[in-house]
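Colleague: In my numbering, the protein residues as written are 667 to 1003.
Note that beta-carbon positions come from the ideal geometry of N, C-alpha and C, so glycine has one too.
All of these numbers come straight from a predicted model, not from anything done at the bench.
Just dropping this structure here.
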């Protein structure tokens, strides 16, 4: 056994579980990536792959640590908080889905949030820089430049702090998992994954109302006559007022408007004060029982022709000039005398 390196072994690996103990002794390495190993108390030795020897003898033990930053991000996440200076983003997963509560109260985009959580769960540090520093201040971590905090269903939370650039002109920054004693290296990809724009989390559709739940649509153009579109079994009728009566209109035209309001996804999201002077129309969606479901305000910028939808949450969902929703009776083939 001496010539195999077991009399004075370089490494002893001990596993303990309950009252049980098992010790693996690593002997000499040989040619062709092989090495000797045996269990303590046994005379038999094995010629094995030297990968374990290389990890234990050659590799920096600091690199054994999990590089993941927020590995538990996923379906159990209930609260997302991102703070960058004085700006903050907060999302909460309620029974009816994700809701953005900061910087504004708005509907969350469940698909985009799920995709972001998946990306964040894979985000990792590029290296370990310092263990147990006396102060976090030299790294820009006290206070931090940014904080990303995820809270799970059971109330447990994990936070990643992002600090100053590592060097002049460097895109890498210092980082820290809160509660850990180790200063991390975060590259640009990790930073982008952790701190996206708040717009990424916003539902880009004009309303959360389901198209099939709509029984009637009240359209109040800024310039023109108000009118109502009402579902009548498998057809739609348009009514200007009680005296004018109603007229059947092309179903495709009404379904097109409903699709734009309920399903079309905005190309851009902007957090702006509602520009009432650009308002083209107010559209009220009512249920099959006649009760209001939601109100969508439609605006258009005359300078670039782009459209936007807003439904009371302070978020403008921007659409291209080709959007052109039907907001006049004439769009449905009805001519006003």
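What residues in its chain sit with their C-beta under 8 Å from that of residue 768, if we drop five residues either side in the sequence?
Modeller: Correct list, in chain order: 754, 755, 756.
Colleague: Can you tell me the Cα-Cα spacing of residue 752 and residue 798, whole angstroms?
Modeller: If I take the Cα positions, the gap works out to 28 Å.
Colleague: Check whether the Cβ atoms of residue 871 and residue 930 lie closer than 8 Å to each other.
Modeller: Yes, the Cβ-Cβ distance between residue 871 and residue 930 is below 8 Å.
Colleague: Give the straight-line distance between the Cα atoms of residue 867 and residue 771, rounded to the nearest whole angstrom.
Modeller: Computed Cα separation, rounded: 12 Å.
Colleague: Hey, quick one: how far does the beta strand (DSSP E) through residue 807 stretch, first residue to last?
Modeller: Taken as a continuous stretch (DSSP letters only), residue 807 belongs to no beta strand (DSSP E), as it is neither H nor E.
Colleague: Going by C-alpha distance, which of 809, 843, 946, 976 is nearest residue 793?
Modeller: Nearest of 809, 843, 946, 976 to residue 793, Cα basis: 843.
Colleague: Assuming residue 779 is part of the beta strand (DSSP E), what are its boundary residues?
Modeller: It is not in any beta strand (DSSP E) - residue 779 instead sits in the alpha helix (DSSP H) that spans 776–788.
Colleague: How is residue 831 classed by DSSP in three states: helix, strand or coil?
Modeller: It is a strand residue.
Colleague: What is the DSSP secondary structure of residue 797, reduced to helix, strand or coil?
Modeller: Residue 797 falls in the strand class under three-state DSSP.
Colleague: In chain order, what residues of the same chain lie with their CB nearer than 7 Å to the CB of residue 733, ignoring the 5 residues before and after it?
Modeller: Taken in chain order, the residues that qualify are 790, 791.
Colleague: Check each candidate in 822, 702, 781 and name the one with the smallest Cα separation from residue 694.
Modeller: Of 822, 702, 781, the residue nearest in Cα terms is 702.
Colleague: Which residue marks the beginning of the beta strand (DSSP E) containing residue 920, and which one marks its end?
Modeller: Segment 917–928 is the alpha helix (DSSP H) holding residue 920; no beta strand (DSSP E) there.
Colleague: Can residue 875 and residue 812 be called in contact, C-beta distance under 8 Å?
Modeller: The answer is no: Cβ separation not under 8 Å.
Colleague: Pop quiz: residue 964 and residue 946 are said to be a contact at Cβ under 8 Å. What is the actual Cβ separation, rounded to whole angstroms?
Modeller: Confirmed, about 5 Å.
Colleague: If you drop the 5 nearest sequence neighbours on each side, which residues of the same chain put their C-beta closer than 8 Å to that of residue 917?
Modeller: Closer than 8 Å at Cβ, skipping near neighbours: 900, 901, 902.
Colleague: Could you give the DSSP three-state label for residue 772: helix, strand or coil?
Modeller: Of the three classes helix, strand and coil, the one that applies to residue 772 here is strand, per DSSP.
Colleague: Using beta-carbon positions only, say whether residue 905 and residue 952 come within less than 8 Å of one another.
Modeller: In this structure, residue 952 does not lie closer than 8 Å to residue 905 by Cβ.
Colleague: Tell me whether residue 996 sits in a helix, a strand or coil according to DSSP, three-state version.
Modeller: In this structure, residue 996 counts as helix in the three-state DSSP scheme.
Colleague: Taking 8 Å as the cut-off, decide whether the C-beta atoms of residue 743 and residue 710 are in contact.
Modeller: Contact: no.
Colleague: Please report the Cβ distance between residue 877 and residue 925, rounded to the nearest whole angstrom; I am assuming they are in contact, meaning their Cβ atoms lie under 8 Å.
Modeller: Sure, about 7 Å apart at Cβ, within 8 Å.
Colleague: Can you give the Cα-Cα distance for residue 970 and residue 865, rounded to whole angstroms?
Modeller: Cα-Cα distance, rounded: 21 Å.
Colleague: Leaving out five residues on either side along the sequence, give the residues of the same chain with a beta carbon under 7 Å from the beta carbon of residue 806.
Modeller: Here the set comprises 829, 830, 840.
Colleague: Based on the DSSP secondary-structure assignment, which residues constitute the bridge partners of residue 953?
Modeller: Answer is 880.
Colleague: Would you decide whether residue 909 is buried or exposed? Buried here means 16 or more other CB atoms lie within 10 Å of its CB.
Modeller: It counts as exposed.
Colleague: Can you tell me whether residue 942 is helix, strand or coil according to DSSP?
Modeller: In the structure shown, residue 942 sits in a helix (DSSP, three-state: H, G or I).
Colleague: Can you check DSSP and say which residues form a bridge with residue 759?
Modeller: Answer is 764, bridged to residue 759.
Colleague: For residue 975, does the count of other Cβ atoms within 10 angstroms reach 16, so buried, or fall short, so exposed?
Modeller: Under this definition residue 975 is a buried residue.
Colleague: Going by the DSSP bridge assignment, what does residue 843 pair with across the sheet?
Modeller: Bridge partners of residue 843: 826.
Colleague: Residues in the same chain with beta-carbon distance under 6 Å from residue 698, minus the five sequence neighbours each way, listed in chain order, please.
Modeller: There are no such residues.
Colleague: Mind checking who residue 903 pairs with in its DSSP beta bridge?
Modeller: For residue 903, which the question treats as bridged, DSSP gives the partners 896, 914.
Colleague: Which value, in whole angstroms, describes the spacing of the CA atoms of residue 786 and residue 849?
Modeller: Distance between the alpha carbons of residue 786 and residue 849: 19 Å.
Colleague: How many angstroms separate the CA atom of residue 853 from the CA atom of residue 809?
Modeller: If I take the Cα positions, the gap works out to 20 Å.
Colleague: Quick one: Cα of residue 719 to Cα of residue 673, how far?
Modeller: Approximately 17 Å between the Cα atoms of the pair.
Colleague: By Cβ distance below 8 Å, which residues in the same chain neighbour residue 800 in space, the five residues on each side in sequence not counted?
Modeller: Taken in chain order, the list of residues that qualify is empty.
Colleague: Taking the Cβ atom as the reference point for each residue, do residue 993 and residue 887 lie within a distance shorter than 8 Å?
Modeller: Cβ atoms of residue 993 and residue 887: closer than 8 Å.
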